[in-house]
Amino acid sequence: MDSICVYCSYSRVKTVNCRSYFSALGAADFSVLSSVSSKQTLFKNAQSCLGISGFKLSKDQVGVLGNMICTLNPSYIQNSDPLILENLKNCGDLSDTQVTAIQTLLFSGNTQYGNPSAWNLRTLQQLGTLPLYFKQDFWGKFSFTVRKMYFKSFMTFLRKRKTPKWKLRRLFKASTVSRFRRSADCTVGNITAVTIADESFPIDYDSTQFDLCLDVTVLNDNLAAVTEKVVDESFQMIILDKLNQLYPSGLPESVVQLLGSTSRVANVSDISKWNITTIDTLSSLMNTDNGDWTSDQSKALIMKYLSVEGNTLGTDELNAIGSNLCSLDVSVLKTITADSLGNTNTLDISSCSIDQKSALYSIANSSFSSERSDPTTFFLLISPYLGGAPVEDIRALSTQNISMDISTFLSLNPAVIM
Numbered sequence: 570m571d572s573i574c575v576y577c578s579y580s581r582v583k584t585v586n587c588r589s590y591f592s593a594l595g596a597a598d599f600s601v602l603s604s605v606s607s608k609q610t611l612f613k614n615a616q617s618c619l620g621i622s623g624f625k626l627s628k629d630q631v632g633v634l635g636n637m638i639c640t641l642n643p644s645y646i647q648n649s650d651p652l653i654l655e656n657l658k659n660c661g662d663l664s665d666t667q668v669t670a671i672q673t674l675l676f677s678g679n680t681q682y683g684n685p686s687a688w689n690l691r692t693l694q695q696l697g698t699l700p701l702y703f704k705q706d707f708w709g710k711f712s713f714t715v716r717k718m719y720f721k722s723f724m725t726f727l728r729k730r731k732t733p734k735w736k737l738r739r740l741f742k743a744s745t746v747s748r749f750r751r752s753a754d755c756t757v758g759n760i761t762a763v764t765i766a767d768e769s770f771p772i773d774y775d776s777t778q779f780d781l782c783l784d785v786t787v788l789n790d791n792l793a794a795v796t797e798k799v800v801d802e803s804f805q806m807i808i809l810d811k812l813n814q815l816y817p818s819g820l821p822e823s824v825v826q827l828l829g830s831t832s833r834v835a836n837v838s839d840i841s842k843w844n845i846t847t848i849d850t851l852s853s854l855m856n857t858d859n860g861d862w863t864s865d866q867s868k869a870l871i872m873k874y875l876s877v878e879g880n881t882l883g884t885d886e887l888n889a890i891g892s893n894l895c896s897l898d899v900s901v902l903k904t905i906t907a908d909s910l911g912n913t914n915t916l917d918i919s920s921c922s923i924d925q926k927s928a929l930y931s932i933a934n935s936s937f938s939s940e941r942s943d944p945t946t947f948f949l950l951i952s953p954y955l956g957g958a959p960v961e962d963i964r965a966l967s968t969q970n971i972s973m974d975i976s977t978f979l980s981l982n983p984a985v986i987m
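Its first residue numbered 570, the sequence shown is counted upward by one per residue in this note's numbering.
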C-alpha cells in the first residue's frame, strides 16, 4: 500500500470495515509519520477497532496491525504473541528500548526460536535483519565460531543494501565480545590480503591485535578493501595513524580518495596535510554515505581544495559540498558566481547563519533574476534561499499571489517576520 494511506482519514471508515482498513494499512511504511501524536492516534483507533486492551496483543491482532507494530512501545513487544517478531523484521529502524524488549521476549524462550541455550547459526539466519540491532548480551549467547560464520553472509547483505555506517559500527561493537588476553605481540595472525577479503573481517581482532597484526604495506596495498569493512573508530584511528607514518609529509590524493568513513576520524591538522586538488577527491570526501563532517573538518577540507590555483566554488563543487557549505566564512561564500549557484542542485542551507544565508540569497537573487516575469517559477527557485532575504523582498513576494509552505515560512529571518 502507498505510504500516503497512513494519512487517510479514519473518520470516514465505517466500524464494520475498520478491520479491513487496518489490515490494508499494515502494509504501509510508517517511517513517513514523523509525528508521535499521529502514530498514537492511529494506534488508538486500532485499539478501538480490534478490541485491544492492556499490553498483550493476540496473534490475530498482530497479524492485522502489520507494520504498525514498528511504532509500538516496548511493553507491547515483550508481552505479545511471538508472531510480533516477524512483523518487527520489516521495521526500517528500532529504538534502543524496542530492541531491549525484543531481546527480553527472545530470552524468555517462549518464541519460535526456542531456548537461548539451543541457539545456533540457523537461529541467527532465521532472525532476518533483527541482529543488526541486538546488544552484547544477545551476542554473548553465541560462540565466536558461530558469529564469524554468520557474519560472512550477514555483512555482505548489509553492505549491499547500503546500511548506514553508524549502524554497522554499533553492530561491530556489540558483537565483538572480548576474547583476547593483553599481549605485546600479534597472536591472532598477521592480516593479509586473504584475511581482508573474508567478509567477516575484522571480527577476529580487537583494536590492540588489529594494530599489532596490520602491516602498513599490507594496509596501503589493500586500502580500499580495509576502509570499506572497518567501521569502528578505534580501528579507523589505527589506520589513519599507520598511513600518517607511511606518508609523513601528507597523504597523496590516491590515498585520500580511498579513506571512506575512516576520513571522519581525522583532525584538522591531519586534513591540512592531505592532497585535495581535484573535484573527484573533494566529491569522494563529501560522500554522505561515509558519515557527517564537523564544521571545522569540512571547512578545512574545502579550504584545502580552494587553496589550489584555479579551484573555485563552481557548480560541481557546490553539488559535492551540499550543506557543508555552511561551514565556510561569508567572505568565501561571496566568491560564488551567480551562474555557478544558478546551475546547482537545490542546496540545504538550513544550518547556515543569518549572515551566510544573506550572502547566498544575494547571489541566488541575481542567479534567478531572469525568471522574475513568472512569479511562481521565480519563487520555486529562490525559496531555498529566502532565509537570507531582506524584509522588502519578502513584502514584494507577498504581493505576487504566491503560496508559501510552512517550512519556507519558518526558514525566514525572524527579524523579517516580526
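Just so it is clear, CB atoms sit at the ideal spot from N, CA and C, and this is done for glycine as well.
Fair warning: this is a prediction, and the values are worked out from it, not measured in the lab.
Host alpha helix (DSSP H) of S649 (start-end): For S649, no alpha helix (DSSP H) encloses it, and the DSSP letter there is neither H nor E.
Span of the alpha helix (DSSP H) around S927: Looking at the DSSP string, the run of the alpha helix (DSSP H) that includes S927 is I923 to S936.
Beta carbon proximity, S972 to chain C, threshold 8 Å: Judged by its chain identifiers, the structure shown contains no chain C, having just a single protein chain.
Euclidean distance between Cα positions of D571 and S589: No answer about D571 holds up, because its pLDDT of 47 lies below 50 and its placement is not dependable.
Within the segment 765-800, ranges of the beta strand (DSSP E) (whole runs, at least 3 residues): Complete beta strand (DSSP E) runs here, min 3: none at all.
Three-way DSSP call (helix, strand, coil) for W708 in this model: In the structure shown, W708 sits in a helix (DSSP, three-state: H, G or I).
L851 vs A889 beta-carbon contact at 8 Å: In this structure, L851 sits near A889, with a CB-CB distance shorter than 8 Å.
Boundaries (first-last residue) of the alpha helix (DSSP H) holding C587: In this chain, the alpha helix (DSSP H) harbouring C587 covers C587 to L594.
At least 3 beta-carbon pairs within less than 8 Å: the segment 725-739 vs the segment 778-793: No, they do not touch.
Nearest candidate by alpha-carbon position, reference S818, set N844, D767, E886 and Q705: The residue with the shortest Cα to Cα distance from S818 is N844.
Candidates V825, F599, N914 and E802: closest to M637 by CA position: Nearest of V825, F599, N914 and E802 to M637, Cα basis: F599.
Burial state of L916, where buried means 16 or more other Cβ atoms lie within 10 Å: With 16 or more other Cβ atoms inside 10 Å of its own Cβ, L916 counts as buried.
Which of helix, strand or coil DSSP assigns to A762: In the three-state reduction of the DSSP assignment, A762 falls in the helix class.
Own chain partners of Y774 with C-beta closer than 7 Å, once the 5 adjacent residues on each side are dropped: Hits under 7 Å: V757 and C782.
Residue from S830, S823, A869 and R730 whose Cα sits closest to the Cα of D849: Proximity to D849 across S830, S823, A869 and R730 peaks at S823, based on C-alpha coordinates.
Exposure label - W708; buried when at least 16 CB within 10 Å: W708 is buried by the Cβ-count criterion.
Beta-carbon spacing of L882, T904 below 8 Å: For L882 and T904, yes; Cβs fall inside 8 Å.
Rounded straight-line distance, which links the Cα of A933 to that of E940: Roughly 12 Å between the two C-alpha positions.
N679 in three-state terms, based on DSSP: Three-state DSSP puts N679 in coil, outside helix and strand.
Three-way DSSP call (helix, strand, coil) for F741 in this model: Reduced to three states, the DSSP call for F741 is helix.
CB of W688 within 8 Å of CB of K710, strictly: Yes; because the gap between Cβ atoms is below 8 Å, this pair is in contact.
Contact the segment 760-772 vs the segment 712-728: 3+ CB pairs below 8 Å: Because the criterion of three Cβ pairs below 8 Å is met, the segment 760-772 and the segment 712-728 touch.
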